[in-house]
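Asks: Reading the sequence shown from the start, the letters are residues 160 to 583 in the working numbering.
Ideal Cβ positions, reconstructed from N, Cα and C, are used throughout, including at glycine.
In this text, all values refer to a predicted model and were calculated from it rather than measured experimentally.
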Amino acid sequence: MTTPIKAARGVRDILPAERAAFAVVEHAAREQARRYGYQDVELPVIEPVELIERGVGGDTDVARKELYRLEPHGDNDADAAARLVLRPEATASMVRAYFQGGLNQGPQPVRLFTIGPFFRHDKPQHLRYRQFVQFDVEVIGDDAPAYDAEVIELTWGWLASVGIEHVSLELNSIGDESCRPQYLAALRDYYRPLKDRLHPDCQRRVEANPLRLFDCKEPQCQPFKEAAPRITDHLCAPCAAAFEEVKSLLDAAGLEYRLNPYLVRGLDYYTRTVFEYQHESLGGAQNSLGGGGRYDGLAGALGYPETPGVGFAGGVDRVAFMLQHDLGAVAPPVVADVLVLPMDDGLDRAAGQVGRLARAVRSTAVDYSRRSLRAKMRAADKTGARWAAIMNAEEAERRVVQLRDLTSGDQREVAWDELAEALA
Ligand code: AMP
Numbered sequence: 160m161t162t163p164i165k166a167a168r169g170v171r172d173i174l175p176a177e178r179a180a181f182a183v184v185e186h187a188a189r190e191q192a193r194r195y196g197y198q199d200v201e202l203p204v205i206e207p208v209e210l211i212e213r214g215v216g217g218d219t220d221v222a223r224k225e226l227y228r229l230e231p232h233g234d235n236d237a238d239a240a241a242r243l244v245l246r247p248e249a250t251a252s253m254v255r256a257y258f259q260g261g262l263n264q265g266p267q268p269v270r271l272f273t274i275g276p277f278f279r280h281d282k283p284q285h286l287r288y289r290q291f292v293q294f295d296v297e298v299i300g301d302d303a304p305a306y307d308a309e310v311i312e313l314t315w316g317w318l319a320s321v322g323i324e325h326v327s328l329e330l331n332s333i334g335d336e337s338c339r340p341q342y343l344a345a346l347r348d349y350y351r352p353l354k355d356r357l358h359p360d361c362q363r364r365v366e367a368n369p370l371r372l373f374d375c376k377e378p379q380c381q382p383f384k385e386a387a388p389r390i391t392d393h394l395c396a397p398c399a400a401a402f403e404e405v406k407s408l409l410d411a412a413g414l415e416y417r418l419n420p421y422l423v424r425g426l427d428y429y430t431r432t433v434f435e436y437q438h439e440s441l442g443g444a445q446n447s448l449g450g451g452g453r454y455d456g457l458a459g460a461l462g463y464p465e466t467p468g469v470g471f472a473g474g475v476d477r478v479a480f481m482l483q484h485d486l487g488a489v490a491p492p493v494v495a496d497v498l499v500l501p502m503d504d505g506l507d508r509a510a511g512q513v514g515r516l517a518r519a520v521r522s523t524a525v526d527y528s529r530r531s532l533r534a535k536m537r538a539a540d541k542t543g544a545r546w547a548a549i550m551n552a553e554e555a556e557r558r559v560v561q562l563r564d565l566t567s568g569d570q571r572e573v574a575w576d577e578l579a580e581a582l583a
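#1: Span of the beta strand (DSSP E) holding Gly473?
#2: So the alpha helix (DSSP H) Ser407 belongs to, where does it begin and stop?
#3: Could you say if the region 457-465 and the region 270-284 meet the contact criterion of at least three C-beta pairs nearer than 8 Å?
#4: If you follow the beta strand (DSSP E) that Arg571 is in, where does it begin and where does it stop?
#5: Quick check: the Cα distance between Glu206 and Leu245, rounded to an integer number of angstroms?
#6: So does Glu329 have its beta carbon nearer than 8 Å to some heavy atom of the ligand AMP?
#7: With 16 other CB atoms within 10 Å as the buried threshold, where does Ala344 fall?
#8: When you compare each of Arg431, Glu439, Gly473 and Val469 to Gly450 by their alpha carbons, which one comes out closest?
#9: Distance check for Arg515 and Asn419, CA to CA, integer angstroms please.
#10: Between which two residues does the beta strand (DSSP E) carrying Met550 extend?
#11: Where does Asp392 land, buried or exposed, given buried means 16+ other C-beta within 10 angstroms?
#12: If you follow the alpha helix (DSSP H) that Tyr350 is part of, which residue opens it and which one closes it?
#13: Whose CA, out of Arg424, Arg453, Ala495 and Val560, lies closest to the CA of Met502?
#14: Could you give the DSSP three-state label for Ser440: helix, strand or coil?
#15: Since I believe Tyr342 is in contact with Pro388 (beta carbons under 8 Å), could you give me their beta-carbon distance rounded to a whole number of angstroms?
#16: Taking the straight line between their C-alpha atoms, what separation do you get for Gln290 and Ile173?
#17: For Ser215 and Val208, what's the separation of their Cα atoms in angstroms?
#18: Would Gln483 and Ala176 qualify as a contact pair, given that the criterion is a beta-carbon distance under 9 Å?
#19: Taking all protein chains shown into account, decide if Ala162 is buried (16 or more other Cβ within 10 angstroms of its Cβ) or exposed.
#20: When the Cα atoms are used, what is the spatial distance from Gln362 to Asp355?
#21: Let's test the definition: count the other Cβ atoms within 10 Å of the Cβ of Asn105 and tell me whether it reaches 16, buried, or not, exposed.
#22: Taking a contact to mean a Cβ-Cβ separation below 9 Å, would you say Thr542 touches Val494 in this structure?
#23: Spatial neighbours of Ala305 within its chain, please: C-beta separation below 8 Å, excluding the five flanking residues on both sides.
#24: May I ask you to list the residues that DSSP assigns as paired with Asp199?
#25: Tell me which same chain residues have a C-beta within less than 7 Å of the C-beta of Glu312, skipping the five on either side of it?
#26: Kindly indicate which three-state DSSP category Asn368 falls into: helix, strand or coil?
#27: Can we count Phe277 as close to the ligand AMP, meaning its CB is less than 8 Å from some heavy atom?
#28: Just checking, does the region 313-332 make contact with the region 422-440 on the three C-beta pairs under 8 Å criterion?
#29: Excluding the five sequence neighbours on either side, which residues of its own chain have a C-beta within less than 7 Å of the C-beta of Tyr197, listed in chain order?
#30: So what does DSSP say about Thr250, is it helix, strand or coil?
#31: Using the DSSP secondary-structure output, state which residues sit across from Phe434 in a beta bridge.
#32: Mind checking whether the beta-carbon of Glu248 lies closer than 8 Å to any heavy atom of the ligand AMP?
#33: Is Arg529 helix, strand or coil by DSSP?
#34: How big is the Cα-Cα spacing for Asp476 and Phe181?
#35: Please indicate yes or no: does the CB of Leu210 lie closer than 8 Å to some heavy atom of the ligand AMP?
See below:
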């Protein structure tokens, strides 16, 4: 016998018990986005590698280690030369779609959202998967800090509407191209003498990309963060003013936040505002429920006209996990409200007809199996169905069923023609 084939490492099936929680989380996301005037888009799962490398930054973990690269395909030259990847995040694609689809020509800014799968070849762990679902929102085409605050308010409201409490909103500004270079120089000056005591990855980062030093989770690097220069002490006047404005708008919206000078986010093209929702119950390195920020340099880096934007990506898997495990708020999925249970052989047609009638008002499944009524009833009880419509050959002949309320055990005879009314 061949070995049974299992799913690839780090990916999983979302089976009905978990899918119910996903559905609640995704529904809440769509409702919340639409309430704020964001429009739904769907983007390809495969993208040119350049989009992602330039979009997230070549020196990020996402680009360096975690990209799923596809084999070139096909005999025509364009296909053979195309280097494609499975998308690890949405923002670069959103900005590409905004220009490619001509949304930059219409009224600005453009508010968009999408929900879908993303792929990162990361070490599989609890709540860190190689395929996961994100809720992504973006406002492209205006740099007013009020849009930063709006994205935060919208996404905060999403978590709240799902019932997640005690979320910590971490907030920082990482400046822009006019103040960040000086800050990075100060950061390098601070870290250079400490280089030998850092983790090898961080030794490289000191010169290559010092902001990433704050992302590091290695214990040996932690003690040096405390005394490191803080970006918020180095912001230029426009960045400082924008940050004050975001904070004041969040205050006005009644949102509490924690200023976190070490929050830099994993991607290179963020400017000014960065934020993240953390929840202690998730624990450790996987405590982030979502995050985002402003990325005024991204469009230019992708070869489009400089265009500001701000956005958010939330982890649907993690929010659904919290909903299911911490809040216990999602009812176990019901297969169908009504089960039709034919008791004799040869009743498939009659049972099918009863199913059709009941389905006009309730979800209905028919048990076409050849097991005994006892076995069918046992199975029916386990599905969580509310009613059983039971029928033997003689009853089918008379076009009636015994309609049994599976909660109370009450049972009465109902004519097929009156079934919909009885179930309504
Ligand atoms: P990021 O784009 O890395 O900021 O991710 C945004 C959110 O997506 C995170 O806060 C997580 O909730 C979720 N997320 C990111 N990577 C993964 C993953 N590998 N597995 C599950 N969720 C993830």
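Replies: Judging by the given coordinates:
#1: Gly468 to Gly474
#2: Ala396 to Ala411
#3: no
#4: Gln570 to Ala574
#5: 6 Å
#6: no
#7: exposed
#8: Gly473
#9: 58 Å
#10: Trp546 to Met550
#11: exposed
#12: Arg339 to Tyr350
#13: Val560
#14: helix
#15: 7 Å
#16: 11 Å
#17: It is worth fixing the name first, because residue 215 is Val in this sequence and not Ser. When rounded, the distance between both Cα atoms is 11 Å.
#18: yes
#19: Reading off the sequence, residue 162 comes out as Thr, not Ala. Result: exposed.
#20: 7 Å
#21: Nothing in the structure corresponds to residue 105, since the chain is present only between 160 and 583.
#22: yes
#23: Glu404 and Leu408
#24: Phe272
#25: Ala412 and Leu414
#26: coil
#27: yes
#28: yes
#29: Arg270, Leu271, Phe272 and Val296
#30: helix
#31: Leu330 and Gly451
#32: yes
#33: coil
#34: 7 Å
#35: no
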